[in-house]
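Engineer:
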Amino acid sequence: MSFRTTSRTTAVDYVEDVSPGSGALAPRAWYASSDAKSFSLNGSWRFRLSPTADAEDDSFAEGGDECGDWAEVTVPGHWVLQGDGAFGSPIYTNHLYPFPVDPPRVPTENPTGDHLRVFDLPADWPGRSEGGAVLRFDGVESCARVWLNGTDLGEFKGSRLAHEFAVGHLLKPSGNVLAVRVHQWSAGSYLEDQDQWWLPGIFRDVTLLHRPAGSVLDFFVHASYDHVTGEGTLRVDSDVDGRVTVPALDIDVETGETVTVPVLPWTAETPRLYDGVLATEGERVPLRIGFRTVELADGLIKVNGRPVLFKGVNRHEWHPERGRALDPETMRQDVLLMKRHNINAVRTSHYPPHPAFLDLCDEYGLWVIDECDLETHGFVEQDWRDNPVDDDRWTPALLDRAARMVERDKNHPSVVIWSLGNEAGTGRGLTAMAEWIHARDTSRLVHYEGDVDCRDTDMYSRMYAFHEEVERIGRRLDGGTLKRRGLPFVLCEYAHAMGNGPGGLADYQRIFEAHERVQGGFVWEWIDHGIRHPGLGYAYGGDFGEELHDGNFVCDGLLLPDRTPSPGLVEFTKVIEPVALEGSGDGTVRVTNKQDFADLSALTFTWAFEADGETVGSGVLPVPALGAGRSADVKLPQPPADVPAGAETYWTVRAVLAEDTAWAPAGHVVAWGQVPGTARAVPSVAATSGPVADGRLITLGPAAFDARTGALRGIGSVEVTGLRLDVWRATTDNDDGAPWQSDVRHGVLWRRLGLHRMRHRLDAVELADDALTVRTRVAPAAWEVGLSTVYRWTSDGDRIQLTVSVTPEGDWTVPLPRLGVRFGLSEADTVTWFGGGPGEAYPDSRTASAVGRWRSTVDRMQTPYVRPQENGARADVRWAELGGLRVEGAPEFWFTARRWTSEQLDAARHRTDLTPGDTVWVNLDHGQHGVGSQSCGPGPLPQYFLDVAPAEFSFVFTATR
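In this note's numbering, each residue carries its 1-based index in the sequence shown increased by 2.
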């Protein structure tokens with residue numbers, strides 16, 4: 003290996019060189035620790051930002067006094083997220099390159115960060131006679147050049163990939179000067195157009211590793227499992243000879259030697275790891291070995307002889323303050339959240355994650371599609387012309403990226419599939435990558451969604467295919483090449499989790515479970531990429547003045563930016579639960595083990611019998627330890643004898659962890675189901691009290707109305723304002739859809755029709771002996787369509803009932819956002835209701851809504867989506883109490899309460915745009931339109947449309963104070 007000494011010139015040709023770089027060592031397996039010394043260089047570094055790649059010469063690499071007044075940044079970190087804006091700003095684009103497309107050229111304006119770290123070796127660091135040393139960078143965006151003690155080590159690209167340099171001969175006991183020049187833009191940027199913030203910097207660990215004589219170089223753990231014999235076969239290939247020991251299996255063999263022994267296999271459900279050691283002359287490396295076999299057999303992805311169903315998510319690395327610079331605890335938090343929410347798989351979109359994340363997947367149990375650091379999506383704008391993956395000049399860089407992924411991560415049992423990258427079109431370079439990976443690792447399958455004919459890959463993969471198409475694929479009616487029709491199908495992205503949604507998850511899951519060819523999918527995506535902002539709450543695209551951006555399309559996760567689970571994650575958890583609990587109507591519950599491998603011995607089943615939302619009996623339900631895929635009908639106990647007469651009753655059956663696990667405590671609920679008992683009595687009011695006109699008011703039972711307009715003024719002592727028909731909701735990201743979609747986007751049509759500005763015409767106020775009737779017409783300006791709306795009020799003296807009758811007029815061609823009444827209360831805080839809860843639900847995202855008696859506050863009922871939009875509805879509400887009123891519905895209704903109007907919510911662009919007012923606005927809805935996932939996928943299925951049709955619904959109001 004040769005080195006170049008520092009000159010006082012600034013050669014930057016490497017920035018636009020299509021090669022992966024020079025000077026770095028060959029990639030090898032990553033391991034967290036060994037008995038060899040290591041020294042973290044994370045921490046505070048000196049930092050200088052320049053506007054161009056060649057603005058400064060290389061003299062800073064010598065660490066002179068002129069560096070003493072530089073600023074400081076934290077490594078790992080992104081400089082644009084530090085310094086309160088002094089070092090530039092983040093940029094978000096979905097797929098458009100934020101610079102002119104002229105590969106491999108990049109703009110002259112190329113922010114360049116010079117990083118300097120002066121360090122002393124630890125006192126116990128071995129001397130040069132005891133071996134060498136390696137300097138490892140686990141991630142730098144997007145191009146880096148490295149010097150140590152004035153010697154140029156080389157440069158590299160491949161932001162989410164590890165690079166190592168031999169530095170032992172350059173180290174000295176004290177005063178070592180490590181200099182790294184990082185360029186935001188490089189030829190490598192054309193390969194990293196990955197729908198995320200562009201964030202330059204040294205964002206992963208920098209580590210100095212001692213390499214004793216005879217230390218481990220690269221090694222490959224081959225650990226297969228024979229599901230027929232129950233035996234595992236182990237062979238550890240190593241570049242340096244040594245021995246492999248696995249005490250629990252009495253294994254003690256030389257490297258390269260094959261041994262077969264009885265073992266317990268590794269799966270995502272049962273992640274059995276065996277601790278071992280690879281010992282060479284100079285180093286002992288701990289091994290965590292999982293025995294499992296991945297194969298394509300019978301047209302299916304099988305692990306240990308069984309097909310698997312992926313219940314997965316796509317995971318970008320993200321922290322709202324540190325960007326992609328994740329600490330171990332955040333990574334662990336992600337894995338624990340996934341396990342606790344029944345997720346069994348993760349696709350590392352669109353790059354290999356920090357390697358420690360894969361250690362956690364091994365430990366806790368997650369299937370992993372490990373994706374290469376590659377996406378060239380922006381070339382779609384020019385019909386993929388000049389796409390690097392079809393240009394031979396770039397193939398060495400593509401192969402380097404593939405090799406660095408595979409070699410780094412090949413010893414993880416959790417990694418079952420390699421992915422070539424994402425949305426990079428097609429070309430010879432991708433074929434070369436697939437051929438290299440297949441040759442290097444025959445123990446895993448290869449994925450790439452863009453390979454529509456499956457020429458290079460082992461599965462048919464799509465993103466955002468509609469339900470109907472997935473059904474056809476499952477039935478093998480999709481056509482395509484002969485090879486493709488014989489392959490399994492995976493939705494590598496579906497159910498775009500942007501804002502309120504995704505809807506339709508349960509419908510997808512029914513298709514997945516009905517067709518063995520359809521082996522599940524990966525929700526897009528895990529977490530909102532909001533950046534914490536003092537004035538906006540969380541910032542998204544455009545909030546930093548970017549010239550090109552894609553708005554809040556970067557906030558499309560199942561977690562809010564602070565890792566609070568969204569209602570979408572709660573829904574997904576229920577939809578993919580590993581045990582189905584379904585009532586059969588004869589006093590039994592059918593229990594189905596929906597796992598692929600594990601039996602039910604780790605679970606305890608409990609029952610609760612509830613009357614009007616109150617538990618009146620409970621106990622343990624004996625359930626056999628059913629094997630994977632097996633079902634049993636289990637008899638429920640007799641209901642308690644002291645159930646109140648006329649109460650609505652139902653059973654709630656739960657499957658909970660019997661004992662503490664590594665990922666959740668005993669009692670954690672993994673599945674639940676409800677079995678109806680007796681139905682509720684529909685509320686009604688006998689019309690025994692009539693309206694009385696007295697000047698400007700009309701009184702009817704406990705209620706007072708405006709005599710001229712018939713508008714409700716109060717019930718008892720509770721002031722009520724603005725009660726009238728409401729059809730508008732603040733459009734969700736999924737209502738509005740994506741502008742590139744050709745199908746119908748209802749949010750756009752609603753606004754064009756004017757449903758956000760409906761006019762209310764008063765036609766009549768009629769007093770009868772037993773009722774007050776107000777006749778109106780509700781319609782948008784400029785159109786003939788309207789809703790003839792009649793409000794009929796009756797009372798028994800203590801309660802008052804409102805019956806709303808709606809008759810459409812004109813040619814309605816679009817469904818409604820909602821249909822119900824809205825009114826304001828001057829005081830309301832605590833909310834109690836009997837119905838669906840505890841969280842929000844909508845027609846196609848209500849699987850997780852459990853019937854019960856719930857209590858919250860108006861503020862806690864809101865879901866704080868990064869971009870404000872319709873949220874917070876509770877489904878199937880029988881009654882609700884707030885602000886001194888009790889409201890009962892006939893039939894059940896959707897219930898929402900908030901401290902701002904739908905119009906104010908609609909106008910807000912960030913959380914901080916919403917200011918609580920003095921009025922709490924309550925919506926009691928007869929219907930809601932589904933939400934779908936049309937921000938990048940299908941809209942609601944037709945059965946979830948709120949079609950315009952005659953409707954009648956009632957509410958009974960009672961003053962409670």
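Backbone N, C-alpha and C fix where the C-beta goes; we use that ideal spot for every residue, glycine too.
According to the Cβ coordinates, are Glu111 and Pro53 closer than 9 Å?
Structural biologist: In this structure, Pro53 lies closer than 9 Å to Glu111 by Cβ.
Engineer: Who are the near neighbours of Asp662 in its chain, counting only those whose CB is closer than 8 Å to its CB and skipping five residues on each side?
Structural biologist: Cβ neighbours of Asp662 beyond the five flanking positions: Ala668.
Engineer: For Val792 versus Val776, is the C-beta spacing smaller than 9 Å?
Structural biologist: For Val792 and Val776, yes; Cβs fall inside 9 Å.
Engineer: Cα separation between Trp199 and Glu548?
Structural biologist: Approximately 11 Å, taken between the alpha carbons.
Engineer: Using only CA atoms, which one of Asp798, Gly934, Pro415, Glu883 lies nearest to Ala740?
Structural biologist: Nearest C-alpha to Ala740: Gly934.
Engineer: Who are Lys637's beta bridge partners in DSSP?
Structural biologist: Paired residues: Thr590.
Engineer: Take the Cβ of Val746 as the centre, count every other Cβ of all protein chains shown within 10 Å, and call the residue buried at 16 or more, exposed below.
Structural biologist: Val746 should be labelled exposed.
Engineer: Pick helix, strand or coil for Asp394, following the three-state DSSP scheme.
Structural biologist: Correct three-state label for Asp394: helix.
Engineer: Report back the beta-carbon spacing between Lys412 and Ala31 to the nearest angstrom; my notes put them in contact at under 8 Å.
Structural biologist: Indeed, because the Cβ distance is near 6 Å, the residues count as touching under 8 Å.
Engineer: Taking the alpha-carbon positions, what's the Val767 to Trp674 distance?
Structural biologist: In a straight line, the C-alpha of Val767 is about 49 Å away from that of Trp674.
Engineer: Quick one, are the C-beta atoms of Pro704 and Ala961 less than 9 Å apart?
Structural biologist: Yes. Within cutoff.
Engineer: State the beta-bridge partners of Val808 as determined by DSSP.
Structural biologist: In the DSSP output, where bridge partners are listed per residue, Val808 has Thr791, Ala953.
Engineer: Output the distance between the C-alpha atoms of Leu583 and Gln676, rounded to the nearest integer angstrom.
Structural biologist: For Leu583 and Gln676, the distance between alpha carbons rounds to 8 Å.
Engineer: Would you mind working out which of Pro273, Thr231, Phe222, Leu916 sits nearest Thr260, comparing C-alpha positions?
Structural biologist: Selected option, being the one with the closest Cα: Phe222.
Engineer: Should Pro390 and Leu163 be called a contact, given that it needs their Cβ atoms to be closer than 9 Å?
Structural biologist: No, the Cβ-Cβ distance between Pro390 and Leu163 is not below 9 Å.
Engineer: Can you give me the C-alpha to C-alpha distance between Ala404 and Gly874, rounded to a whole angstrom?
Structural biologist: Their backbone Cα atoms lie some 44 Å apart in a straight line.
Engineer: Could you say if the stretch 600-619 and the stretch 684-691 meet the contact criterion of at least three C-beta pairs nearer than 8 Å?
Structural biologist: Output reads no: the stretch 684-691 does not touch the stretch 600-619.
Engineer: Whole angstroms is fine: what's the gap from Arg442's alpha carbon to Asp588's?
Structural biologist: Their Cα atoms are separated by approximately 57 Å.
Engineer: May I have the straight-line CA-CA distance separating Phe947 from Gly232, to the nearest angstrom?
Structural biologist: Between Phe947 and Gly232, the C-alpha separation is close to 51 Å.
Engineer: Is the beta carbon of Gly203 less than 9 Å from the beta carbon of Val184?
Structural biologist: Yes, they are a contact pair.
Engineer: Roughly how many angstroms separate the alpha carbons of Leu774 and Trp795, rounded to a whole number?
Structural biologist: When rounded, the distance between both Cα atoms is 5 Å.
Engineer: Report the partner residues of His535 according to the DSSP bridge assignment.
Structural biologist: Beta-bridge pairing links His535 to Gly539.
Engineer: Between Pro273 and the rest of its own chain, which residues show a CB-CB distance below 6 Å, the 5 nearest in sequence each way excluded?
Structural biologist: For Pro273, where only same-chain residues beyond five positions count, the Cβ hits under 6 Å are Gly367.
Engineer: Looking at the unbroken alpha helix (DSSP H) that takes in Glu883, where does it start and where does it end?
Structural biologist: Unbroken run through Glu883 is the beta strand (DSSP E), 876-884; no alpha helix (DSSP H).
Engineer: Are the CB atoms of Leu98 and Pro92 nearer to each other than 9 Å?
Structural biologist: No, the pair does not count as a contact, with Cβ atoms beyond the cut-off.
Engineer: Under a CB-based cut-off of 9 Å, is Leu275 close to chain B?
Structural biologist: Looking for chain B here will not work: only one protein chain is present.
Engineer: On the CB-based measure, 16 or more other CB atoms within 10 Å of its CB, does Gly718 come out buried or exposed?
Structural biologist: Gly718 is buried by the Cβ-count criterion.
Engineer: Give the DSSP-derived three-state secondary structure of Glu18 in the structure shown.
Structural biologist: Note: Glu18 maps to helix in three-state DSSP.
Engineer: Could you tell me the distance, in whole angstroms, from the CA atom of Arg410 to the CA atom of Pro624?
Structural biologist: Cα to Cα, the separation comes out at about 47 Å.
Engineer: In the DSSP assignment, find the beta strand (DSSP E) that holds Leu717 and state where it starts and stops.
Structural biologist: Here residue 717 turns out to be Ile, not Leu, going by the sequence shown. Note, Ile717: beta strand (DSSP E), 714-717.
Engineer: Can you tell me which residues form a DSSP beta bridge with Lys304?
Structural biologist: Answer is Glu297, Pro309.
Engineer: Excluding the 5 residues flanking Gly648 on each side, which residues of the same chain have their C-beta closer than 8 Å to its C-beta?
Structural biologist: The residues are Ala683.
Engineer: Give the secondary structure of His185 by DSSP, where H, G and I count as helix, E and B as strand, and everything else as coil.
Structural biologist: In this structure, His185 counts as strand in the three-state DSSP scheme.
Engineer: If you draw a straight line from the C-alpha of Ser161 to the C-alpha of Cys145, how long is it?
Structural biologist: Straight-line Cα distance between these residues: approximately 7 Å.
Engineer: Throw me the rounded Cβ distance for the Gly427 and Phe381 pair, which I believe falls under 8 Å.
Structural biologist: The Cβ separation is near 6 Å, so the contact holds.
Engineer: Is Lys341 near Ala666, with beta carbons less than 9 Å apart?
Structural biologist: Cβ distance < 9 Å, so Lys341 and Ala666 count as in contact.
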